[in-house]
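Using my numbering, read the sequence shown as starting at -16 and increasing by one per residue. Notes for the one structure printed next.
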Amino acid sequence: MINSLFITNPKDLNSDILGGVQICSQEFLEVVKLVSNKFVIHNVNISQNLFLKAKRKLKIDSYDLYDIEPDKNEILSIINKHEINYIFINKAELIKFSKIIKLTSPYSVKVVLMSHGNETGDFLHELTHIHSKFSLFKKSWQKLRLGLNLFLESYYRHRYIDLVCAMSEEEVAIEKWLGSKEIFFFPRLIRVC
């Protein structure tokens, strides 16, 4: 029996402008609902915490878009109430939720990361395509951010993520390199009208 909790930012499912993130998130959600006996969704929003906002502004954040503490008790309550045994985390930017789930859940739960790609790939692209009068400083700072994000991505995958669903064969290779325990290639859904 699969009792699922799907953790997501609601804007990643529905937005005024439908984009790739929303389409992929909706596909992930649809499949999770299909395989689940019981299904609960928990929405989290980007934190308005002044400390985290300052870190983002200064670009010293590393997967700090979300403040985990305010949602911790509600997530644990959902796990207990619905006897959740699978938790699906929609997007790698929510990866820090995996730690509180693994360390505080009274049940043995499997944590599945529904990956839309890893952030280090974005940073690497930015780093190799910076064109400005401050490029030396910017490049040096981005190198530090790249290293910190790479460390966090691997650290969390090794310790708190049981399975990563990747949407391309290239992402599967990157997930292996990052040290993901298990990887499932989740091809895009093709709909016939």
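Ideal Cβ positions, reconstructed from N, Cα and C, are used throughout, including at glycine.
- Contact between tyrosine 49 and serine 30 holds, with the beta-carbon distance rounding to 5 Å and staying under 8 Å.
- Judged by DSSP in its simplified three-state form, leucine -12 adopts strand.
- Per DSSP, the continuous beta strand (DSSP E) segment holding asparagine 73 begins and ends at 69 to 73.
- DSSP links leucine 146 through a beta bridge to Val95.
- Rounded to whole angstroms, the Cβ separation of glycine 162 and serine 137 is 5 Å, and the two are in contact under 8 Å.
- Annotation for tyrosine 143: Ser81, Lys82, Lys85, Val94 place their beta carbon closer than 7 Å to its own, counting only its chain and skipping 5 residues before and after.
- Per DSSP, isoleucine 24 lies in no alpha helix (DSSP H) segment; the continuous beta strand (DSSP E) that holds it begins and ends at 21 to 26.
- The Cβ atoms of phenylalanine 106 and valine 15 lie no closer than 7 Å to each other.
- For the pair serine 60 and phenylalanine 22, the CB atoms are not nearer than the 7 Å cut-off.
- Considering only Ala37, Leu33, Ile51, the residue with the shortest C-alpha distance to threonine -9 is Ile51.
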